[in-house]
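Contents: one structure, followed by commentary.
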Amino acid sequence: MSTENGVDPILVEVTGAALASIVEEMGETLVQAAFSSNIKERRDCTAGLFDAAGHMTAQAEQASPVHLGSLIGVVSAVLERYPLEAIAEGDTFLSNDPYSGGGSHLPDMVLVTPIFVDGEITAWAANLAHHADFGDRGHAHIFQEGLRIPPVKLISRGEMSEDIFQLVLTNCQVPHERRADFRAQLAANRLAVARYLELAGRYGRDRLVRTTGALLDYTERRTRAAIESIPDGEYTFSDWFDCPELDDELELSVRITVAGSDITLDLRDNPKQVRASVNMVWTALYATVYYAIKTLVDPDVPSNAGLHRPIRIQATEGTIVNCVAPAAVNGRTETCQRVVDLIHGALAPAIPDRVTAASNGANTGVHFSGLDSRTGRYFVYLETIGGGSGARATKDGLDGVQVHVTNTSNLPVESLETEYPLVIEAYELVQDSGGSGEHRGGMGIRRTVRVEERDVQFWLDTSRQKSAPWGLFGGEPGTSARVELSDGARPVEHGHTILQPGDRASIITAGAGGYGPPARRPEEAVRRDVAEGVISEQTARTSYQLDL
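Residues 6 to 553 (our numbering) are what the sequence shown spells out, left to right.
Now the structure itself:
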């Protein structure tokens with residue numbers, strides 16, 4: 006038995022599993038070898054494999070979907086800058102620039118290594134780590150956000166370019182962390198090269214290339230079949246977007262056209278790019294759309310470029326969803342999260358059993374940075390705090406989780422207090438934060454941090470402070486996000502303040518929307534929510550009409 010291009014379908018499945026195994030092992034190697042808490046604890050990283058032309062063949066499942074945005078353009082960026090004859094075995098390229106390096110924001114440092122089989126580039130191994138270093142920065146434009154790196158050879162024929170390495174480290178606030186994390190990234194790529202060569206040795210180069218191509222074709226066919234299950238038509242949705250850097254809310258919108266096995270997402274009617282960090286370059290937009298469509302049409306379809314082929318994306322250059330230089334992009338994930346909500350909201354009438362109500366709609370990045378008197382070194386603590394996940398057609402939303410394009414872990418309290426001059430005074434779910442409904446929305450999180458040093462810089466990147474995550478089909482909205490400071494602390498202005506010893510910052514993330522009318526929720530479920538502190542007795546009476 007063979008596929009239409011003469012490749013054994015069993016071997017296609019085996020190859021797909023092997024490639025998936027390689028990227029998962031890459032990701033685990035990076036996490037285990039990393040030094041910084043943001044990678045070794047929070048797993049803010051990803052790994053991927055690409056074919057010779059730069060088409061993704063596998064991405065690690067443990068990663069954040071938005072990280073695809075910092076990977077999908079990097080191979081083509083390398084090939085534009087370096088002719089093939091200038092690329093040799095043992096080379097590794099470093100890149101992070103959204104405008105010339107295929108990235109999506111500057112903290113995501115990508116290392117990409119060509120894999121030679123029989124003297125020819127056959128694949129590329131790439132991994133990304135979010136280097137939580139650039140905390141005390143402005144975000145009016147890209148030049149304020151950190152060091153921009155186009156594709157450059159960090160490793161040439163196996164030898165480190167110490168000049169480039171020192172140039173990068175000199176521009177970092179916590180260079181000892183960066184040095185160790187870069188070495189973890191290099192180790193992950195070395196492992197990937199070894200594993201891929203083992204696979205090529207087993208099946209031969211030509212057979213492996215054909216089989217990988219057939220895997221992408223299979224993914225395309227499977228994706229198209231799933232899209233065909235969505236009723237043909239045109240679907241629209243709009244939502245309000247806010248962030249601490251902007252004085253006013255922006256209205257974002259999408260128009261989705263489904264025609265047979267093709268789907269087109271028109272995001273051209275969106276605001277112009279802004280003088281703030283929440284602009285999206287095209288790579289971030291594409292990664293977001295690919296994630297959203299995958300979750301709705303076939304969550305189990307392989308994560309490779311075959312998924313991308315039936316999806317057409319239209320976005321005007323110079324807008325917040327497809328910005329051009331020199332727009333700032335550090336907080337682009339806030340906007341990415343809202344684009345997912347737009348897509349779910351638009352397709353809700355067509356596939357109500359597959360979509361969720363609005364999740365917390367933010368990334369909620371918090372940054373604390375300053376001088377640690379215990380070590381005499383500068384510290385940067387970054388964390389993205391989860392929130393509510395939207396209710397579904399058959400289930401409640403999840404409480405206190407990362408949603409959609411983010412997929413990082415939390416930083417354990419013990420690790421945080423050991424590594425930083427900070428103390429966690431509260432870490433809890435927020436009562437009544439999930440929207441009421443037949444299925445209730447997930448709950449938001451409260452995390453209260455007390456600082457122990459002087460002049461600690463505090464930055465908050467979040468959304469849903471002015472709007473609420475919407476419910477579906479009669480479900481009520483979740484609560485909005487906010488930040489609360491202790492008495493006497495300097496107020497937060499445009500997401501920033503400076504804290505002194507003893508000051509406390511409480512970050513309260515948004516809940517999520519409910520699904521279906523609250524009147525349909527079983528009485529025993531409401532009583533259980535009250536007993537467990539999920540909702541208050543007042544909410545039971547007012548939203549669910551239950552007399553306790």
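In this text, a Cβ means the ideal position worked out from N, Cα and C, and glycines have one as well.
In this text the structure is predicted, and so the values were computed from the model without any measurement.
Item to check | Where E233 sits in the DSSP three-state scheme | outcome: Locating residue 233 in the sequence shown gives position 228, counting from the first residue. Note: E233 maps to coil in three-state DSSP.
Checklist entry - Where T228 and F242 are concerned, what is the direct C-alpha to C-alpha distance, given to the nearest angstrom? => result Here the question's residue 228 lines up with position 223 in the sequence shown. Here the question's residue 242 lines up with position 237 in the sequence shown. Cα to Cα, the separation comes out at about 23 angstroms.
Checklist entry - Is it the case that the Cβ atoms of Y425 and Q178 are separated by a distance below 7 angstroms? => result Taking the sequence shown and counting its residues from 1, the one referred to as residue 425 is at position 420. Taking the sequence shown and counting its residues from 1, the one referred to as residue 178 is at position 173. Against a cut-off of 7 angstroms, the Cβ pair of Q178 and Y425 comes out as no contact.
Next on the checklist: On a Cα-Cα basis, can you pick out the residue from R546, L204, N43 and W475 that is closest to N415?
Outcome noted: For this step, residue 415 is matched to residue 410 along the sequence shown. It is N43 whose Cα lies nearest to the Cα of N415.
Next on the checklist: Check whether the stretch 87 to 104 and the stretch 55 to 68 touch, using three or more Cβ-Cβ pairs below 8 angstroms as the test.
Outcome noted: no
Checklist entry - How many Å lie between V410 and Y295 at the Cα? => result Working through the sequence shown from its first residue, we reach residue 410 at position 405. Working through the sequence shown from its first residue, we reach residue 295 at position 290. Distance between the alpha carbons of V410 and Y295: 10 angstroms.
Next on the checklist: So the candidates are I390, S485, V326 and A367; which of them puts its Cα closest to the Cα of A292?
Outcome noted: Along the sequence shown, read from residue 1 onward, the residue named residue 292 stands at position 287. Looking at the Cα atoms, V326 is the closest of the given residues.
Checklist entry - Which ranges would you report for the alpha helix (DSSP H) in the stretch 382 to 424 if only whole runs of at least 4 residues count? => result 418 to 424
Checklist entry - Looking at L272 and V259, is the spacing between their C-beta atoms short of 7 angstroms? => result Along the sequence shown, read from residue 1 onward, the residue named residue 259 stands at position 254. Along the sequence shown, read from residue 1 onward, the residue named residue 272 stands at position 267. Result yes, Cβ atoms of V259 and L272 sit closer than 7 angstroms.
Checklist entry - Is it right to say V173 is buried, meaning 16 or more other beta carbons lie within 10 angstroms of its own, or is it exposed? => result Position 168 of the sequence shown, counting from 1, holds the residue named residue 173. The residue in question, V173, is buried, as its Cβ has 16 or more Cβ neighbours within 10 Å.
Item to check | Where the alpha helix (DSSP H) through K299 begins and ends | outcome: Start at 1 with the first residue of the sequence shown, and residue 299 comes out as number 294. Its alpha helix (DSSP H) spans residues W287 to V302.
Item to check | Inter-residue spacing [alpha-carbon to alpha-carbon] between G277 and H146 | outcome: Within the sequence shown, numbered from 1, the residue matching residue 277 stands at position 272. Within the sequence shown, numbered from 1, the residue matching residue 146 stands at position 141. Reading off the sequence shown, one finds Lys at residue 277, where the question assumed Gly. For K277 and H146, the distance between alpha carbons rounds to 14 angstroms.
Checklist entry - Since F242 is in the beta strand (DSSP E), which residue starts that stretch and which ends it? => result Position 237 of the sequence shown holds residue 242. Unbroken beta strand (DSSP E) run through F242: G238 to F246.
Item to check | Where N132 falls: helix, strand or coil (DSSP) | outcome: As a working mapping, residue 132 is identified with position 127 in the sequence shown. Three-state DSSP puts N132 in a strand.
Checklist entry - Curious, which full-length alpha helix (DSSP H) runs of at least 4 residues does the stretch 475 to 551 contain? => result 528 to 536 and 542 to 547
Checklist entry - Hey, how far is the Cα of A355 from the Cα of G402? => result If you number the sequence shown from 1, residue 355 lands on position 350. If you number the sequence shown from 1, residue 402 lands on position 397. Roughly 21 angstroms between the two C-alpha positions.
Next on the checklist: Just to confirm before moving on: does the CB-CB distance between A572 and M61 stay below 7 angstroms?
Outcome noted: Coverage of the chain is limited to positions 6 through 553, which leaves residue 572 absent and any answer about it impossible.
Checklist entry - With DSSP run on the structure shown, which of helix, strand or coil describes E33? => result Along the sequence shown, read from residue 1 onward, the residue named residue 33 stands at position 28. Residue state, collapsed to three classes: helix.
Item to check | Euclidean distance between Cα positions of S441 and Y520 | outcome: As a first step, residue 441 is located in the sequence shown; it is residue number 436 there, counting from the start. As a first step, residue 520 is located in the sequence shown; it is residue number 515 there, counting from the start. Their backbone Cα atoms lie some 8 angstroms apart in a straight line.
Item to check | Close-in-space but distant-in-sequence residues of the same chain around L551 (CB under 7 angstroms, 5 per side omitted) | outcome: One-based indexing of the sequence shown puts residue 551 at position 546. Only E528, V531 and A545 meet the Cβ criterion.
Next on the checklist: Whole angstroms are fine: how far does the CA of R526 sit from the CA of T423?
Outcome noted: Residue mapping note: residue 423 aligns to position 418 of the sequence shown, counting from 1. Residue mapping note: residue 526 aligns to position 521 of the sequence shown, counting from 1. One C-alpha to the other measures close to 44 angstroms.
Next on the checklist: On the DSSP letters alone, give me the boundaries of the alpha helix (DSSP H) that P180 sits inside.
Outcome noted: Here residue 180 is taken as the residue at index 175 of the sequence shown, counted from 1. Run containing P180: P180 to Y208, per the alpha helix (DSSP H) assignment.
Item to check | Nearest-angstrom beta carbon gap, N284 and C328 [assumed within contact, 8 angstroms] | outcome: On the sequence shown, position 323 is the one that residue 328 refers to. On the sequence shown, position 279 is the one that residue 284 refers to. Right, the Cβ-Cβ distance comes to about 4 angstroms (below 8 angstroms), so this counts as a contact.
Next on the checklist: Less than 7 angstroms between the C-beta atoms of A560 and C50, yes or no?
Outcome noted: Nothing can be reported for residue 560: it is not among the residues displayed for the chain, which extend from 6 to 553.
Item to check | Option in T338, G95, L504 and G483 with minimal Cα separation from A515 | outcome: Here residue 515 corresponds to residue number 510 of the sequence shown, with the count starting at 1. Comparing Cα-Cα distances from A515 to each of T338, G95, L504 and G483, the minimum goes to G483.
Checklist entry - How many Å lie between H357 and A473 at the Cα? => result As a first step, residue 357 must be located in the sequence shown, where it is residue number 352. As a first step, residue 473 must be located in the sequence shown, where it is residue number 468. For the record, residue 357 in the displayed sequence is Pro; it is not His. So the alpha carbons of these two residues sit roughly 20 angstroms apart.
Checklist entry - To the nearest whole angstrom, what separates the beta carbons of V57 and A128, a pair I think is in contact under 8 angstroms? => result Working through the sequence shown from its first residue, we reach residue 57 at position 52. Working through the sequence shown from its first residue, we reach residue 128 at position 123. Checking the displayed sequence, the identity of residue 57 turns out to be Ala instead of Val. A57 to A128, Cβ: 7 angstroms. Contact.
Item to check | R451 versus L465 - alpha carbon distance | outcome: Within the sequence shown, numbered from 1, the residue matching residue 451 stands at position 446. Within the sequence shown, numbered from 1, the residue matching residue 465 stands at position 460. Approximately 14 angstroms, taken between the alpha carbons.
Checklist entry - The alpha helix (DSSP H) with R379 in it runs from where to where? => result Numbered from 1 along the sequence shown, position 374 holds the residue referred to as residue 379. That residue, R379, is in no alpha helix (DSSP H); it is neither H nor E in DSSP.
Item to check | 7 angstroms CB neighbourhood of K45 in its chain, flanking five on each side removed | outcome: Within the sequence shown, residue 45 is the residue found at index 40, counting from 1. V36 and A39.
Checklist entry - In the structure shown, what three-state DSSP assignment does R337 receive? => result Here residue 337 refers to the residue found at position 332 of the sequence shown. Note: R337 maps to helix in three-state DSSP.
Checklist entry - Are the CB atoms of L504 and V535 nearer to each other than 7 angstroms? => result The residue given as residue 504 occupies position 499 in the sequence shown. The residue given as residue 535 occupies position 530 in the sequence shown. Contact flag unset, no.
Checklist entry - Excluding five sequence neighbours on each side, which residues of the same chain lie with their C-beta closer than 7 angstroms to the C-beta of D186? => result Here residue 186 corresponds to residue number 181 of the sequence shown, with the count starting at 1. Closer than 7 angstroms at Cβ, skipping near neighbours: A39, F40, S41, I44, A134 and H136.
Checklist entry - R452 bridges to which residues according to DSSP? => result The count along the sequence shown starts at 1 and reaches residue 452 at position 447. In the DSSP output, where bridge partners are listed per residue, R452 has Y432 and I512.
Next on the checklist: Can you list, in chain order, the residues of its chain with a C-beta nearer than 8 angstroms to that of A571? Leave out the 5 residues immediately preceding and following it.
Outcome noted: This structure does not reach residue 571, given that the chain is present from 6 up to 553, and the question cannot be answered.
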